[in-house]
Every structure is written in C-alpha cells, then in structure tokens.
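Each residue of the sequence shown is one higher than the one before, starting from 5 at the first, in our numbering.
Beta carbons: idealized from backbone N, C-alpha and C, even for Gly.
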Amino acid sequence: MVRVKLTGNEISTLRNVAGLSQTELARQVNVTTTHISYIENGTRNMSEQLQKRIFECFSQFFTEDQLQEIVRMSRSIKRKEAKTDEK
C-alpha cells in the first residue's frame with residue numbers, strides 16, 4: 005500500500021478520479037462530509053488511522069501503481085500552478 009502522506013488536494017483529486025462525492029467518501033471512511041471538506045481544503049489534518057482508511061477506500065478503485073501515478077500527477081499540476089501564480 006502507498007505510504008505517502010496525502011494532502012487535501014490529493015485526496016480531492018483521487019476522490020474525483022474515483023467518481024466519489026465527499027459524502028460517499030465520508031461514509032466509506034466513517035467520518036462526516038464536513039470533515040472530508042475540511043481535509044480537502046487544508047483546514048483540518050488527518051490522523052494516520054484516517055489516512056489508512058482513505059487509502060483502503062481508494063484501493064477498491066485503483067492499483068497501488070495507479071494511486072502513486074495519480075498522486076504524482078496531482079503534485080506536478082500543483083507545482084505548475086504555483087509557478088504560474090508567481091509570474
């Protein structure tokens with residue numbers, strides 16, 4: 005299983021690629037929709053236990069290699085956006 009710490013933006017990306025709503029993800033990992041929203045917006049941190057449950061949820065949709073590739077692409081896009089904002 006992937007052992008990287010995900011950012012809220014990466015969770016949002018994975019959730020959208022998996023075709024899940026915040027409500028569906030929240031239900032699957034046993035937290036509130038508000039909690040998922042706060043995590044995705046960066047206003048709340050995740051416990052290691054919650055991160056593990058989120059990975060387990062996404063492993064229903066993606067292989068480990070696919071998860072790593074989606075996270076890598078998400079990070080690459082975020083870096084490009086940051087560079088564009090600096091200009």
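Query: Span of the alpha helix (DSSP H), counted from its first residue to its last, around leucine 18; Result: 12-22
Query: Residue of Phe66, Glu85, Gln72 minimising C-alpha distance to alanine 22; Result: Phe66
Query: C-alpha gap between tyrosine 42 and arginine 48, whole angstroms; Result: 5 angstroms
Query: CB contact flag (lysine 9, glutamine 55, <9 angstroms); Result: yes
Query: 9 angstroms Cβ cutoff met for cysteine 61 and glutamine 26; Result: no
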